[in-house]
Amino acid sequence: MAGHSKWATTKHKKAANDAKRSKLWAKMIKDIEVAARTGGGDPAGNPTLDDMIKKAKKASVPGDNIERARKRGSGEEAGGADWQTVMYEGYGPNGVAMLIECLTDNRNRAATDVRTAMTKNGGNLGESGSVAYMFTRKGVNTLAKGELEEDDVLMAVLDAGAEEVVDTGEQFEVLSAASDLHAVRDALAEAGIEVEETDTDFRASVEVDLDADSARKLFKLIDALEDSDDVQNVFTNMTLSDEVAAELADD
Numbered sequence: 001m002a003g004h005s006k007w008a009t010t011k012h013k014k015a016a017n018d019a020k021r022s023k024l025w026a027k028m029i030k031d032i033e034v035a036a037r038t039g040g041g042d043p044a045g046n047p048t049l050d051d052m053i054k055k056a057k058k059a060s061v062p063g064d065n066i067e068r069a070r071k072r073g074s075g076e077e078a079g080g081a082d083w084q085t086v087m088y089e090g091y092g093p094n095g096v097a098m099l100i101e102c103l104t105d106n107r108n109r110a111a112t113d114v115r116t117a118m119t120k121n122g123g124n125l126g127e128s129g130s131v132a133y134m135f136t137r138k139g140v141n142t143l144a145k146g147e148l149e150e151d152d153v154l155m156a157v158l159d160a161g162a163e164e165v166v167d168t169g170e171q172f173e174v175l176s177a178a179s180d181l182h183a184v185r186d187a188l189a190e191a192g193i194e195v196e197e198t199d200t201d202f203r204a205s206v207e208v209d210l211d212a213d214s215a216r217k218l219f220k221l222i223d224a225l226e227d228s229d230d231v232q233n234v235f236t237n238m239t240l241s242d243e244v245a246a247e248l249a250d251d
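UniProt numbering applies: residue 1 is where the sequence shown begins, and numbers increase by one.
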C-alpha cells in the first residue's frame, strides 16, 4: 500500500498548493447539501453530514457557506439543486484504471466534460463495469501517528469491523467496509484516539506501478478532469515507489 499512500500524500500537497481552493470548497458544499438531503439536516443524527461538515471546516470553508448548504439540503431554505451521482469508468495512460465520480445537476454536461478531458489527455472512457470490478469502496479513518503504535490502533478497532491498519508515514489509515466506517470511528474515539478525517475511498485489487513520466501524464489527466465543476472525485489503481514520489515532489 506504500504506493497508494504516497499518491495520497502527493494529491493532498497538490490540493494545498493549487489555486483551486474555490473549486474544492464548491465540491465540499455539494457534499454537505447531498448528505443533508439524504440523511436529514441534524449532524448529531446524520454521521455522514457530520463528517462532511468537519472536513469542510478543516479546509477553511466559511461557516456561513456550510450552514446554508446544510439548510438547502434539509429543505430549511430554498434553492437546493437536484444533485445526482454518476460514475464513469475508463483507462488513463499506461492502462491505469480510473473511476470518475460526478455529482451533477446536468448529466449531459458532466458526460461531455469527462469525455473531453479523457480524449485530450490520453485517456479512454470504457463501458459500465469495464474497471469497476477492480475497485471496492472502503471506509477510511485517518489519524496522526504521534506516539501511537500500530498495535494500539488495532486493539481499539478489531471488534468494530476494521480490516487493516496502513502505515502511510506520518499517519495511520484504518480501513474497513464502508458500512463499518462510523463504528470504527466511534471505537477509536472511545479509545481516546483522535481521528483526523473520516471518509470513503475506492481501493483497487489490481495495481499499476508508474514511473515518473507516466505519473506526470496521469496527473495531467486527473487535473483536467477535476477542472470540471461536476467531477467530485477521481480514483485510480496506480501506485508510486518512494523514489518516484520523491522525484515528483521536486516538480
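Glycine included, each C-beta is placed from N, C-alpha and C at the ideal position. Model, not experiment: these values are computed from the prediction.
Measure how close the beta-carbons of Thr104 and Ala110 come, nearest whole angstrom, since I'm counting them as under 8 Å.
-> Reading the sequence shown from its first residue, position 104 is the one you call residue 104. Reading the sequence shown from its first residue, position 110 is the one you call residue 110. 4 Å between Cβ atoms; contact.
Identify every residue that forms a DSSP beta bridge with Thr38.
-> As a working mapping, residue 38 is identified with position 38 in the sequence shown. BP columns for Thr38 are empty, so no partner.
Exposed unless 16 or more other CB atoms sit within 10 angstroms - verdict on Thr85 | Your numbering for residue 85 matches position 85 in the sequence shown. Flag for Thr85 reads exposed.
Cβ shell of residue 275 (< 6 Å), same chain only, five flanking positions each side left out = Residue 275 cannot be examined here, being either before or after the span of the chain that is shown, 1 to 251.
Please check the pair Gly95 and Val208, which I expect to be a contact at CB under 8 Å, by giving their CB distance rounded to whole angstroms.
-> Along the sequence shown, one-based indexing puts residue 95 at 95. Along the sequence shown, one-based indexing puts residue 208 at 208. Right, the Cβ-Cβ distance comes to about 6 Å (below 8 Å), so this counts as a contact.
If you count every other CB in all the chains shown that lies within 10 Å of the CB of Arg107, and 16 or more means buried, which is it?
-> Looking up residue 107 in the sequence shown gives position 107. Arg107 comes out exposed.
Taking only runs of the beta strand (DSSP E) that begin and end inside the segment 70-118, which ones reach a length of at least 3 residues, in chain order?
-> Listed in chain order, the complete beta strand (DSSP E) runs (minimum 3 residues) inside the segment 70-118 are 84-91, 97-104.
With a threshold of 16 other CB atoms inside 10 Å of the CB of Met155, please say whether the residue is buried or exposed.
-> Position 155 of the sequence shown, counted from the start, is the residue given in the question as residue 155. Answer is exposed; the Cβ neighbour count stays below 16.
Does the pairing of the segment 150-170 with the segment 129-137 give three or more beta-carbon distances under 8 Å?
-> no
Using the Cα positions of Asp101 and Gln232, report the straight-line distance between them to the nearest angstrom.
-> By one-based count along the sequence shown, residue 101 stands at place 101. By one-based count along the sequence shown, residue 232 stands at place 232. It is Glu, not Asp, that sits at residue 101 in the sequence shown. Whole-angstrom Cα-Cα distance: 6 Å.
Helix or strand or just coil, what does DSSP make of Asn121?
-> In the sequence shown, counting from the first residue as 1, residue 121 sits at position 121. The answer is coil: DSSP assigns Asn121 none of H, G, I, E or B.
Given Asp213 as reference, the closest of Val153, Ala246, Pro43, Asp113 once Cα atoms are compared = Numbered from its first residue, the sequence shown carries residue 213 at position 213. The residue with the shortest Cα to Cα distance from Asp213 is Ala246.
Reducing DSSP to helix, strand and coil, say where Lys57 ends up.
-> As a first step, residue 57 must be located in the sequence shown, where it is residue number 57. Here Lys57 sits in helix by DSSP.
Measuring CA to CA, which of Phe219, Val166, Asn141, Asp151 is closest to Glu194?
-> The sequence position of residue 194 within the sequence shown is 194, counting from 1. Checked all of Phe219, Val166, Asn141, Asp151; the closest Cα to Glu194 is Asn141.
Over the uninterrupted alpha helix (DSSP H) stretch that includes Val153, give me the two end residues.
-> As a position in the sequence shown, residue 153 is number 153, starting the count at 1. 150-157 is the span of the alpha helix (DSSP H), which, as asked, contains Val153.
Would you kindly work out how many angstroms separate the C-alpha atoms of Ser74 and Phe219, rounded to a whole number?
-> The count along the sequence shown starts at 1 and reaches residue 74 at position 74. The count along the sequence shown starts at 1 and reaches residue 219 at position 219. Approximately 36 Å between the Cα atoms of the pair.
Please state if the CB of Lys138 and the CB of Ser176 are separated by a distance shorter than 8 Å.
-> Numbered from its first residue, the sequence shown carries residue 176 at position 176. Numbered from its first residue, the sequence shown carries residue 138 at position 138. Closer than 8 Å, so yes.
Hey, how far is the Cα of Val184 from the Cα of Asp227?
-> Here the question's residue 184 lines up with position 184 in the sequence shown. Here the question's residue 227 lines up with position 227 in the sequence shown. One C-alpha to the other measures close to 33 Å.
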